[in-house]
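Residue numbers for the sequence shown, in UniProt numbering: 1 to 486. The C-beta atom is built at its ideal place from N, Cα and C for all residues, glycine as well. All figures in this text were calculated on a predicted structure; none of them were measured in a lab. I have placed the structure first, in the form of structure tokens, so that the comments after it can refer back to it.
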Amino acid sequence: MKGTIGELTALLEEEGLLLMASDGIGSLAPASFTTNSREASEGAFFVCKGYTFKKEYLEMAAEKGAMLYMAEMDFGVELPHILVTDIRKAASVAARWFYGYPGEKMYVTGITGTKGKTTTAYILKSILDAARPGKTAIFSTMEINTGRESRISHLTTPEPAELQSYFREAVDNGCDHVVMEVSSQAMKLSRVYGERFPIGIFLNVDEDHIGGKEHATLEEYVGCKISFLAQCDTVIVNRETRFFEQVMAGCAGKKVLLYGHDETCDGVIRSIEPSASGSRFEVGWQGKWYAFETSLVGRFNVENLTAAILAAFVMGIDPGTIQEGIRYIHIPGRMMLMEHRGIHIVVDYAHNYLSFLNVYKAVLETFAPKHVHSVFGSAGERSAVRRRDMGELAEKYADYVYLTADDPGYENVVDICKEIKCHITKPCRIIPDREEAIGAALDAAKPGDVVILAGKGAEVTQRIRGEFVPYISDAKAVQRWIKENS
Ligand SMILES: CC(=O)N[C@H]1[C@@H](OP(=O)(O)OP(=O)(O)OC[C@H]2O[C@@H](n3ccc(=O)[nH]c3=O)[C@H](O)[C@@H]2O)O[C@H](CO)[C@@H](O)[C@@H]1O[C@H](C)C(=O)N[C@@H](C)C(=O)N[C@H](CCC(=O)O)C(=O)O
Ligand SMILES: Nc1ncnc2c1ncn2[C@@H]1O[C@H](COP(=O)(O)OP(=O)(O)OP(=O)(O)O)[C@@H](O)[C@H]1O
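Shown next, in the form of structure tokens:
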């Protein structure tokens, strides 16, 4: 860790990223590395990046004692600097160098896909924990856990400065495996640039994350997801993903393992038996069949499980340990099941077409409900097609709909709900307060019905006008209702 700037400029030159470096900085050895001026301190190496970057941030970092900066342009601030052609790639090169390439000291499994990344990451961690407790870090949308410390995440894949510091912390905590989610945005913004993944899992890809600052087009989104595979050695791919041929083209030169229901796959799924307490299924692998039992419900979760099982087989984990690892899994806010007087309640994170479709199908298959009550909204400033898609799915699969707040951001909750409602002719109420909407659905439900609370999973905040406002959480809202109605 903490080599000299001369080493870094040589690396940047090798990568074709270096434009120029101030004279005489080769022997400097920065004390810290940051892209956030608020965190800068004496001897810091400050990186100027980002859509909303301002010169004032650099000035603040200089005042706090930064020793040099790296940027795409000379900001005219009295500080030695390195100028580069692509600051996001250079930030990853520099962060890897500064922290001593910690990712290379562990076995890093990267998981990408429109849906199922968090779930699959937790499944694989659970298997690895069964094999060797306490030695696996997880970097997910829900949590950054580096072995001993756990923090709430703000991004699915952290920016390079944070990512490399988490890798370092994991190594220092004695971890030898990391399971991490790799978002399309991470690929677009070069957050994992230069990192190698012994295993990459490609779950699925469907239309999402298009618009605003995310992706300009579906092609760009799909292309970013597929570009991740070039950084992996072995790639585990869902045979049924959309854009399969394109995904396979992105795996050129890699060892590819397919999973799915088709018997030509390397990992074949058969005999799924769904029930309200979990699922049983079998996976065929290298000429043998293995039976599994799990607390997770839904056909899509059997697919997530199979992807993780294949990764575990590749790692050489024995089938008995895998069976143990997946038997009891609890993933907060993902298909969480509750029951009250014959009413089944499902708390889930579904907030787009692919996930919502799968949740409805899983609910119908698992519970054969008399009626489905669906409580959801749609996030402000996110992919607009979600409102149409979720409205159309509710029209097809739900009997009663309650539209409510789900991270409205700067948009008006009622306006968002009205946009969803124009796709629904079934009984549908707009109740902006989420806890009230949940209460209304539970009040109306009868034994044999299912109430789906979708979109927020285990979250305990609502994103409202740039603030994260505390929210009781869907599960606690249900518990409170049960207490008040028992
Ligand atoms: C589009 C995008 O991904 N943006 C992320 C990115 O922004 P950015 O690099 O452009 O930086 P910025 O937020 O414009 O800020 C500029 C820079 O000024 C610095 N700063 C800021 C204030 C200050 O006082 N001093 C200072 O130095 C900031 O630390 C930052 O380095 O880096 C920021 C952290 O440095 C993230 O907060 C921000 O996530 C935004 C909020 C976001 O919502 N991102 C979503 C779209 C995202 O990345 N989602 C994916 C999942 C979706 C998928 O599956 O594709 C994810 O991986 O989470
Ligand atoms: N393989 C899958 N296919 C389709 N839907 C899925 C799949 N796995 C999970 N889901 C649904 O998507 C929701 C989110 O799952 P999960 O958090 O694992 O996905 P993610 O890829 O991490 O999502 P995000 O990018 O929104 O953080 C779940 O609550 C479930 O409804």
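For a cutoff of 8 Å on Cβ pairs, would you count T294 as touching chain B?
The structure shown contains no chain B, having only a single protein chain.
Residues in its own chain within less than 8 Å of D433 by CB, not counting five upstream and five downstream?
Residue 433 sits at position 433 when you count from the first residue of the sequence shown. Taken in chain order, the residues that qualify are T404, A405.
Could you tell me how far apart the beta carbons of G391 and H344 are, in whole angstroms, since I believe they sit closer than 8 Å?
Sequence index remark: in the sequence shown, residue 391 carries index 391 (1-based). Sequence index remark: in the sequence shown, residue 344 carries index 344 (1-based). The pair is not a contact, with the Cβ atoms about 23 Å apart (cut-off 8 Å).
For review: beta carbons within less than 6 Å of any heavy atom in ligand 1:
T35, N36, S37, R38, K49, G50, Y51, T52, F53, Y57, L155, T156, T157, E159, S183, S184, Q185, A186, L189, H209, K213, E214
Using the three-state DSSP reduction, which class does P160 fall into: helix, strand or coil?
Reading the sequence shown from its first residue, position 160 is the one you call residue 160. Helix at P160.
I'd like the ranges of any beta strand (DSSP E) spanning at least 3 consecutive residues and lying wholly in the segment 255-298.
255-260, 267-275, 278-285, 288-294
Is T141 helix, strand or coil by DSSP?
Here the question's residue 141 lines up with position 141 in the sequence shown. T141: coil per DSSP, three-state reduction.
Report yes if the C-beta distance between A379 and H351 is below 8 Å; otherwise report no.
Sequence index remark: in the sequence shown, residue 379 carries index 379 (1-based). Sequence index remark: in the sequence shown, residue 351 carries index 351 (1-based). In this structure, H351 lies closer than 8 Å to A379 by Cβ.
Three-state secondary structure (DSSP) at E303?
Counted from its first residue, the sequence shown places residue 303 at position 303. Three-state result, E303: helix.
CB contact flag (G194, R88, <8 Å)
On the sequence shown, residue 194 is found 194 positions in, with the first residue counted as 1. On the sequence shown, residue 88 is found 88 positions in, with the first residue counted as 1. The answer is no: Cβ separation not under 8 Å.
Please list, in chain order, all residues of the same chain as L296 whose beta carbon is under 7 Å from its beta carbon, the five residues on each side excluded.
Taking the first residue of the sequence shown as position 1, residue 296 is located at position 296. These residues qualify, in order along the chain: G278, S279, L305, I329, M335.
Less than 8 Å between the beta carbons of D73 and L58, yes or no?
Residue 73 sits at position 73 when you count from the first residue of the sequence shown. Residue 58 sits at position 58 when you count from the first residue of the sequence shown. Checking the displayed sequence, the identity of residue 73 turns out to be Met instead of Asp. No.
Coarse secondary structure for I127, derived from DSSP in three states:
What you label residue 127 is simply residue 127 of the sequence shown in a count that begins at 1. Reduced to three states, the DSSP call for I127 is helix.
At 3 residues or longer, what runs of the beta strand (DSSP E) sit wholly inside the UniProt domain "Mur ligase C-terminal" (333-457)?
336-340, 343-348, 372-376, 400-403, 428-430, 450-454
With DSSP as the reference, identify every bridge partner of residue 572, one or two as the case may be.
Residue 572 lies beyond the residue range present for the chain, which begins at 1 and ends at 486; the question has no answer from this structure.
R386: beta carbon under 7 Å from a heavy atom of ligand 2?
Residue numbering aside, residue 386 sits at position 386 when the sequence shown is read from its first letter. Not under cutoff, so the answer is no.
Could you compute how far the alpha carbon of G100 sits from the alpha carbon of T114?
The residue given as residue 100 occupies position 100 in the sequence shown. The residue given as residue 114 occupies position 114 in the sequence shown. Each residue's alpha carbon lies about 32 Å from the other.
For the segment 222-234 against the segment 251-263, are there 3 or more C-beta pairs whose distance is under 8 Å?
yes
Of all the options L79, L310, L12, V385, which has the alpha carbon lying nearest to the alpha carbon of C265?
The count along the sequence shown starts at 1 and reaches residue 265 at position 265. Per the Cα distances, L310.
Would you call L364 buried or exposed, if buried means 16 or more other Cβ atoms sit within 10 Å of its Cβ?
Here residue 364 corresponds to residue number 364 of the sequence shown, with the count starting at 1. With fewer than 16 other Cβ atoms within 10 Å, it is exposed.
Contact set for A40: own chain, Cβ-Cβ below 6 Å, skip 5 residues either direction
Numbered from its first residue, the sequence shown carries residue 40 at position 40. So the list reads T34, F46, A61, K64, A66, once near-sequence residues are dropped.
Tell me whether T366 is buried or exposed, calling it buried when 16 or more other Cβ atoms sit within 10 Å of its Cβ.
Taking the sequence shown and counting its residues from 1, the one referred to as residue 366 is at position 366. Label assigned to T366: buried.
Collapsed DSSP secondary structure at V236 in the structure displayed
Mapped onto the sequence shown, residue 236 falls at position 236. First, the amino acid is wrong: residue 236 is Ile here, not Val. Three-state DSSP puts I236 in a strand.
Cα-Cα, which of R242, E324, L79, I317 is closest to Y221?
The sequence position of residue 221 within the sequence shown is 221, counting from 1. The residue with the shortest Cα to Cα distance from Y221 is R242.
Please report how far the alpha carbon of L12 lies from the alpha carbon of F75, in whole angstroms.
Numbered from 1 along the sequence shown, position 12 holds the residue referred to as residue 12. Numbered from 1 along the sequence shown, position 75 holds the residue referred to as residue 75. Between L12 and F75, the C-alpha separation is close to 20 Å.
Are the Cβ atoms of M160 and S92 separated by less than 8 Å?
Against the sequence shown, residue 160 aligns to sequence position 160. Against the sequence shown, residue 92 aligns to sequence position 92. Residue identity differs from the one stated: residue 160 is Pro in this sequence, not Met. In contact: P160 and S92 (Cβ atoms closer than 8 Å).
Taking the alpha helix (DSSP H) that T321 belongs to, which residues open and close that run?
Working through the sequence shown from its first residue, we reach residue 321 at position 321. That run of the alpha helix (DSSP H) goes 319-327.
Using CA atoms only, rank isn't needed, just tell me which of N485, H371, V375, V235 is closest to L203.
Residue mapping note: residue 203 aligns to position 203 of the sequence shown, counting from 1. When only C-alpha atoms are compared, the closest one is V235.
CB-CB under 6 Å to S374, same chain, minus the five flanking residues each way: which ones, in chain order?
Reading the sequence shown from its first residue, position 374 is the one you call residue 374. A394, A398, V401, I452, listed in sequence order.
Bridge partners of P470, per DSSP?
Within the sequence shown, the letter at position 470 stands for residue 470. For P470, which the question treats as bridged, DSSP gives the partners T461.
When you compare only the Cα positions, how much space is there between G217 and I210?
Numbered from 1 along the sequence shown, position 217 holds the residue referred to as residue 217. Numbered from 1 along the sequence shown, position 210 holds the residue referred to as residue 210. It should be pointed out that residue 217 corresponds to Thr in this sequence rather than to Gly. Each residue's alpha carbon lies about 6 Å from the other.
Closer than 7 Å to a non-hydrogen atom of ligand 2 - does that hold for the CB of Y349?
Position 349 of the sequence shown, counting from 1, holds the residue named residue 349. Checking the Cβ of Y349 against ligand 2 gives yes.
Identify whether E207 lies in helix, strand or coil by the three-state DSSP scheme.
On the sequence shown, residue 207 is found 207 positions in, with the first residue counted as 1. The answer is coil: DSSP assigns E207 none of H, G, I, E or B.
For F243, does the three-state DSSP call read helix, strand or coil?
Translated into the one-based positions of the sequence shown, residue 243 becomes position 243. If DSSP states are grouped into helix, strand and coil, F243 belongs with coil.
Would I430 and W481 qualify as a contact pair, given that the criterion is a beta-carbon distance under 8 Å?
Taking the first residue of the sequence shown as 1, we reach residue 430 at position 430. Taking the first residue of the sequence shown as 1, we reach residue 481 at position 481. No, the Cβ-Cβ distance between I430 and W481 is not below 8 Å.
Run the proximity test for L257: is its beta-carbon closer than 7 Å to any non-hydrogen atom belonging to ligand 4?
Among the ligands modelled here, namely ligand 1 and ligand 2, ligand 4 does not occur.
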